[in-house]
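In my numbering, each number is its position in the sequence shown, counted from 1, plus 37.
I have placed the structure first, in the form of structure tokens, so that the comments after it can refer back to it.
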Amino acid sequence: MELKTKYLGLELKHPVVASPSPISRKFDGIRKLEDNGAAAIVLFSLFEEQIRFENESYAYFDHISSNTFAESLSFFLKMEEFSAGPSDYLELIRKANESVSVPIIASLNAMSPEGWDEYAREIEQAGAKALELNAYYIPDFGQSSQEVEQRYIDMVKMVRKAVKIPIAVKLCPYFSSVGDMASRLTYAGANGLVLFNRLYQPDFDLDQLEVVPSIELSQPYEIRLALLWIANLYGHVNCSLAGTTGVHCGKDVAKYVLAGADIAMVTSSLLKNGVHHLSTIVREFTEWSEERGYKSVDQMRGLMSKKHVIDPSAFDRANYVKVLQSFMPKHDLQYSHGRWDPDAGL
Ligand SMILES: Cc1cc2nc3c(=O)[nH]c(=O)nc-3n(C[C@H](O)[C@H](O)[C@H](O)COP(=O)(O)O)c2cc1C
């Protein structure tokens, strides 16, 4: 079977790519990802705060975003707590680019539109083959949806102006209209969309009355949100699509490709099972696809997308009604005369 796929204009040997994670923080981890067959490697994110720390330019930042950023610094890690500063990050790109045969994609996380372009340029010069913009941003109360959306668009336009390498945007799923946002980002210059960024939701410690940061590895069922949107977007946006979240085995890669993704990204299952699991995922995907007679990834792509549905809204609505109506509760409702009686037993 022909496993090759194209992502952001890069020729990849197959569709399984390592997403940003602690594994790529060290060169050894990058090497391991390559040895275990990653088709491309997206490095962990460089955060705008790290750049500002290094540049000692808080005053400048104060002036563009009042106290918000200064305040965020007080919650933030100290520079020495980061595993790598901006110059280490650039050095890692250089080294990886020289020593590893698969494409290295850098990842930048900034919160101000102004934070993106300078480092985007340096990342390009360091040899990254593409840049992923990790747009992790929780809007302030009172900000309108238009303002929030414009922030994303401005960020893409600014980086597009700054670099020639392809840009992907790692999106969050909470836009009123993901489809419209996807088109506008593409129009602004994004070459690819990565669906979706997982917003890390803190928990509460009820004894200490403290907010507890927590990060959970994904579960396989979490693939569904991105799957739904990739299936919706396929054929409607003029850019590459990457599925991130919930890839734990080869069948999950098949799901993303059938929905319309060019690649499927993986982190949690490697953190859980070890980096060697990446080669298992590639093998399982290949075997599954060959057993079903597929000749290439290109042939599979988008077969289960909404492009093949005549009236997608009616299809969604019908499925929604069907799934709610067909749910069989295990308790509380009484089963009589061949049906569940919703009025009895509650
Ligand atoms: C420990 C950890 C660190 C991560 N670091 C980053 C990061 O630096 N930048 C980023 O864009 N995503 C980061 N992610 C998100 C992953 O790249 C990925 O998008 C997410 O975990 C969903 O994919 P998965 O289901 O394969 O884990 C991180 C995830 C984990 C679990």
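Using N, Cα and C, we set each Cβ at its ideal position, and we do this for glycine too.
With DSSP as the reference, identify every bridge partner of residue i, one or two as the case may be.
| i | result |
| --- | --- |
| valine 346 | None; valine 346 has no bridge partner. |
| alanine 165 | DSSP output for alanine 165 lists no bridge partner at all. |
| threonine 282 | Threonine 282 is not bridged to any residue. |
| asparagine 146 | Phe84 |
| serine 277 | Gly229 |
Return the residue from the list the options that minimises the CA-CA distance to residue i.
| i | options | result |
| --- | --- | --- |
| alanine 163 | Tyr173, Leu270, Pro59 and Glu135 | Glu135 |
| alanine 279 | Met302, Lys344 and Leu222 | Met302 |
| aspartate 299 | Leu264, Leu315 and Ser316 | Leu264 |
| proline 239 | Ser333, Asp177, Ala55 and Ile252 | Ile252 |
| alanine 165 | Val137, Ile190, Ser149 and Ala172 | Val137 |
| serine 149 | Tyr126, Ala167 and Ile175 | Ile175 |
| leucine 230 | Asn171, Leu254 and Pro257 | Asn171 |
| threonine 223 | Phe212, Tyr211, Tyr237 and Ala205 | Ala205 |
| cysteine 276 | Tyr258, Asp65 and Arg221 | Arg221 |
| glutamate 86 | Leu129, Pro123, Arg62 and Ala55 | Pro123 |
Taking all protein chains shown into account, do 16 or more other C-beta atoms lie within 10 angstroms of the C-beta of residue i, making it buried, or fewer, making it exposed?
| i | result |
| --- | --- |
| aspartate 348 | exposed |
| leucine 295 | buried |
| tyrosine 44 | buried |
| asparagine 310 | exposed |
| phenylalanine 178 | exposed |
Would you report the Cα separation of residue i and residue j, rounded to the nearest angstrom?
| i | j | result |
| --- | --- | --- |
| phenylalanine 84 | lysine 201 | 21 Å |
| serine 306 | alanine 75 | 13 Å |
| valine 196 | alanine 227 | 9 Å |
| serine 350 | glutamine 180 | 29 Å |
| cysteine 286 | glutamate 169 | 24 Å |
| leucine 254 | methionine 192 | 28 Å |
| tryptophan 153 | serine 363 | 48 Å |
| arginine 188 | leucine 40 | 37 Å |
| glutamate 327 | alanine 291 | 11 Å |
| glutamine 245 | lysine 359 | 44 Å |
| glycine 330 | proline 250 | 46 Å |
| aspartate 289 | glutamate 48 | 21 Å |
| alanine 77 | isoleucine 267 | 20 Å |
| tryptophan 325 | valine 248 | 44 Å |
Measuring only from the beta carbon, is residue i closer than 7 Å to any heavy atom that is part of ligand 3?
| i | result |
| --- | --- |
| leucine 264 | Among the ligands in the structure shown, ligand 3 does not appear; only ligand 1 can be found there. |
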